[in-house]
Amino acid sequence: MGGDAVMTVVPGRQGSRIAALALSTLTAFAGAPRAQGQPPPKYPPLVDQKTQAAIDKGLKYLASRQSSDGSFREQGGMGSYPVAMSALAGIALMGSGSSSTQGPYAPQVRKTVNYIVRSSQRDGLFTRAGEEESRSMYGHGFSMLFLAEALGTEEDPERMEQIRFALQQGVRLIAKSQSKLGGWLYTPDMNGDEGSVTITQVQALRAARNAGIAVPKRVIDNAMKYLEMSVQPDGGIAYRVGMTGSRPPITAAAVACWFNAGEYDNPMALNALRFCKKNIGFGPGGEGTWGHWYYAHMYLAQVMYLAGDKEWKDYFPKIRDRLLAAQEPDGGWQGDSVGKIYGTSIALIILQLPYNNLPIMQR
Numbered sequence: 154m155g156g157d158a159v160m161t162v163v164p165g166r167q168g169s170r171i172a173a174l175a176l177s178t179l180t181a182f183a184g185a186p187r188a189q190g191q192p193p194p195k196y197p198p199l200v201d202q203k204t205q206a207a208i209d210k211g212l213k214y215l216a217s218r219q220s221s222d223g224s225f226r227e228q229g230g231m232g233s234y235p236v237a238m239s240a241l242a243g244i245a246l247m248g249s250g251s252s253s254t255q256g257p258y259a260p261q262v263r264k265t266v267n268y269i270v271r272s273s274q275r276d277g278l279f280t281r282a283g284e285e286e287s288r289s290m291y292g293h294g295f296s297m298l299f300l301a302e303a304l305g306t307e308e309d310p311e312r313m314e315q316i317r318f319a320l321q322q323g324v325r326l327i328a329k330s331q332s333k334l335g336g337w338l339y340t341p342d343m344n345g346d347e348g349s350v351t352i353t354q355v356q357a358l359r360a361a362r363n364a365g366i367a368v369p370k371r372v373i374d375n376a377m378k379y380l381e382m383s384v385q386p387d388g389g390i391a392y393r394v395g396m397t398g399s400r401p402p403i404t405a406a407a408v409a410c411w412f413n414a415g416e417y418d419n420p421m422a423l424n425a426l427r428f429c430k431k432n433i434g435f436g437p438g439g440e441g442t443w444g445h446w447y448y449a450h451m452y453l454a455q456v457m458y459l460a461g462d463k464e465w466k467d468y469f470p471k472i473r474d475r476l477l478a479a480q481e482p483d484g485g486w487q488g489d490s491v492g493k494i495y496g497t498s499i500a501l502i503i504l505q506l507p508y509n510n511l512p513i514m515q516r
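Note that our numbering gives residue 480 to position 327 of the sequence shown, counting from 1, and the numbers run on in steps of one.
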């Protein structure tokens, strides 16, 4: 990558993360009987006992679906995609405040970290032979996001170095496979681009940078220009550069990228947010989400949380109540047409946002 400028940020949230771990460990046992005179458990704003019970049930379901090798494998109609699903499940488990060494789901997080690290190939791509080739860049992006979050709380020196090396290799793979327009497509060798894959790589790069990994500035800059070139007259984002028609799920994800960059006053971000609020529904029919209701709200929830209390107080009760109504008796959620690992992971990521445990999603 020659003489490219790089962006490196040294993590500085360790104290707050430890406090968050302590808080989440306490809330994990919120359903236990209280001693006489003991005050009721304190929850974040807009989270009540019913919501916490749904979170606990969902976490237990998710943990029960982990395979002995540390992976989570989907059983939906689109394949198993163990790397992508494991990364999303790991993020959801870390949302509880657990790390690989602390918290109620530390064993599951640790096994997931080990599985994802083992999935790093010689070229830097996170994938499993024969299982994710057709859409490997999704798994790559989610894996980097998960490992970057895990690195900030890792205490084992050897595992820290393994994670750091895997992230460095992953950054190189992303930089090498970026298209001339600044985006990415489903596999690193396709030399094309589209919005949803591009956004996954942008969040991966930002998470890696926040974890102290050097990231070429030009790669993120070119990716953000790609999103700008995809803006439509109504404020939404098209599926890819050169196409017409806005896609609400991709638009929500694009706003998350702008907000993650601190561009809260960017006119394109604000117009896109207005588009999302108008076009992404809460109902069981998935209005405006093109069959990607969980995907759309995974990003829209981040956006609304980062937008501040006013937007969050209007949004969260609606998505919270919708998710609680959709939870199945075993604790899981069916996610679009992908499956229950996917749906449960995203539902838990959304419901646990008020606990503020994931750095990339913190205010």
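No residue lacks a Cβ here, since even glycine has one placed at the ideal position from N, Cα and C.
No experiment lies behind these values; they were computed from the predicted model shown.
Quick one: what does DSSP say residue i is sitting in, helix, strand or coil?
i: Ala391; result: strand
i: Ser349; result: helix
i: Val355; result: helix
i: Gly496; result: helix
i: Trp150; result: What the structure shows of the chain is the stretch from 154 to 516, and residue 150 is not part of that stretch, so it cannot be assessed.
i: Val384; result: strand
i: Val491; result: coil
i: Val368; result: strand
i: Ser220; result: coil
i: Ser233; result: coil
i: Ser332; result: coil
i: Leu511; result: coil
Using a Cβ-Cβ cut-off of 7 angstroms (strictly less than) and excluding sequence neighbours within five positions of residue i, which residues of its own chain qualify?
i: Tyr258; result: Leu212, Ala216, Leu246, Ser249, Ser251
i: Gln322; result: Ser273, Gly277
i: Glu347; result: Gly336, Leu338, Tyr392, Arg393
i: Ala319; result: Val270, Ser273, Leu300
i: Tyr452; result: Ala405, Ala406, Ala409
i: Tyr379; result: Leu334, Gly335, Gly336, Asp346, Thr351, Val394
i: Val200; result: Pro507
i: Tyr214; result: Asp483, Gly484, Gly485, Thr497
i: Gly388; result: Asn424, Ala425, Arg427, Phe428
i: Pro197; result: Pro507, Tyr508
i: Arg475; result: Phe435
i: Glu308; result: Thr254
Please name the residue, chosen from the options, that lies closest to residue i on a Cα-to-Cα basis.
i: Val372; options: Gln331, Ala405, Leu426; result: Gln331
i: Val266; options: Gly388, Lys329, Thr306; result: Thr306
i: Arg218; options: Met238, Leu504, Lys203, Gly365; result: Met238
i: Ser289; options: Gly256, Ser233, Asp309, Gln255; result: Ser233
i: Gln487; options: Lys203, Glu227, Asp418; result: Glu227
i: Gly223; options: Lys264, Cys429, Arg516; result: Lys264
i: Pro260; options: Tyr379, Ser220, Gln202; result: Ser220
i: Phe469; options: Leu358, Trp446, Tyr447, Pro507; result: Pro507
i: Gln480; options: Lys210, Ser287, Gly345; result: Lys210
i: Lys329; options: Asn344, Gln315, Gly365; result: Asn344
i: Gly434; options: Ala449, Ala206, Lys463; result: Ala449
i: Ala242; options: Ile513, Ile502, Asn424; result: Ile502
i: Trp446; options: Met377, Cys429, Pro198; result: Cys429
i: Leu504; options: Ser490, Glu302, Leu477; result: Leu477
i: Gly415; options: Thr204, Ile316, Asn509, Ile513; result: Ile513
i: Leu326; options: Gln205, Tyr196, Gly294, Asp467; result: Gly294
i: Gly436; options: Pro402, Gln515, Ile472; result: Ile472
i: Pro310; options: Arg281, Thr254, Leu511, Leu298; result: Thr254
i: Lys431; options: Thr340, Tyr268, Thr397, Pro402; result: Pro402
i: Leu459; options: Asp374, Gln385, Leu511, Gly398; result: Leu511
i: Asn110; options: Leu358, Ala206, Lys203, Pro341; result: The requested residue 110 does not occur in the structure, where the chain is confined to residues 154 to 516.
i: Ala360; options: Arg312, Ala282, Ala303; result: Ala303
i: Arg516; options: Thr340, Gln455, Lys466; result: Gln455
Leaving aside the five residues before and after residue i along the sequence, list all residues of the same chain whose C-beta is less than 6 angstroms from its C-beta, in chain order.
i: Arg400; result: Tyr392
i: Pro420; result: none
i: Met382; result: Val394
Go through its chain and collect everything with a Cβ distance to residue i's Cβ below 8 angstroms, but skip five positions before and after it.
i: Glu284; result: Gly232, Ser233, Tyr234, Pro235, Val236
i: Met313; result: Leu304, Glu307
Just checking, does the stretch 402-420 make contact with the stretch 350-357 on the three C-beta pairs under 8 angstroms criterion? yes
Under 8 angstroms: do the stretch 330-344 and the stretch 260-273 share three or more Cβ pairs, one atom per stretch? no
Give, in chain order, every unbroken run of the alpha helix (DSSP H) that is at least 4 residues long and sits entirely within the stretch 240-296. 259-271
Give a yes or no on contact between the stretch 489-502 and the stretch 385-392, applying the rule of three or more CB pairs nearer than 8 angstroms. no
Please go through the stretch 440-474 and give each complete alpha helix (DSSP H) segment of 4 or more residues, from N-terminal end onward. 446-460
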